[in-house]
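Using my numbering, the first residue of the sequence shown is number 145, and each one after it goes up by one. Ideal Cβ placement from N, Cα and C applies to all residues, glycine included. Read the structure below first, then the notes.
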Amino acid sequence: MNNTSKTDWARIDAMADGDIDTSDIPPLPDEFFAKAQLRMPQSPVKVAVSVDTDTLAWFQSQGESADQQMSIALRIYAEAHKAHLVSVSKVNPLQQANHTNTADG
């Protein structure tokens, strides 16, 4: 896999903001900005995790550093499940098990 860029970065760097054609980009509605959240970058924490060989091989085949790609995948997963995790963490696992095992539950 060849990841060499064919972009003329010198030309891009020399462009002013006004030179960029944004006519095909629709303006963002006020609702977008009302829901926007500021996220400050966090320093990564080094951890050791056991990963299946085929899973690691797949991440390594994606062209960028495997650890960075795994971190991104974990973040996407965590964000997608965050609401569920918060609601489940408020329930005592024993209460939850008893509730799901009742006939009327």
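Could you tell me the distance, in whole angstroms, from the CA atom of residue i to the CA atom of residue j?
i, j, result
"Asp259", "Ala217", "Residue numbering for the chain in the displayed model covers 145 to 249; residue 259 lies beyond these limits and cannot be assessed."
"Leu182", "Ala158", "29 Å"
"Lys190", "Arg219", "15 Å"
"Pro173", "Ala180", "11 Å"
"Thr166", "Asp198", "42 Å"
"Asp161", "Arg155", "13 Å"
"Ser149", "Phe176", "32 Å"
"Gly207", "Asn147", "7 Å"
So, helix, strand or coil for residue i, using DSSP?
i, result
"Gly162", "helix"
"Lys179", "helix"
"Ile220", "helix"
"Asp198", "helix"
"Asp168", "coil"
"Lys190", "coil"
"Met184", "coil"
"Ala209", "In the sequence as displayed, the identity of residue 209 is Ser instead of Ala. Of the three classes helix, strand and coil, the one that applies to Ser209 here is coil, per DSSP."
"Asp174", "helix"
"Ser215", "helix"
"Lys150", "coil"
Pop quiz: residue i and residue j are said to be a contact at Cβ under 8 Å. What is the actual Cβ separation, rounded to whole angstroms?
i, j, result
"Ser215", "Pro171", "The pair is not a contact, with the Cβ atoms about 33 Å apart (cut-off 8 Å)."
Which same chain residues end up closer than 7 Å to residue i when comparing Cβ atoms and leaving out the 5 residues on each side of it in sequence?
i, result
"Phe203", "Ala210, Gln213, Met214"
"Asp196", "none"
"Asp163", "none"
Got a sec? Which residues, its chain only, sit under 6 Å from residue i by beta carbon, not counting five neighbours each side?
i, result
"Ala254", "This structure does not reach residue 254, given that the chain is present from 145 up to 249, and the question cannot be answered."
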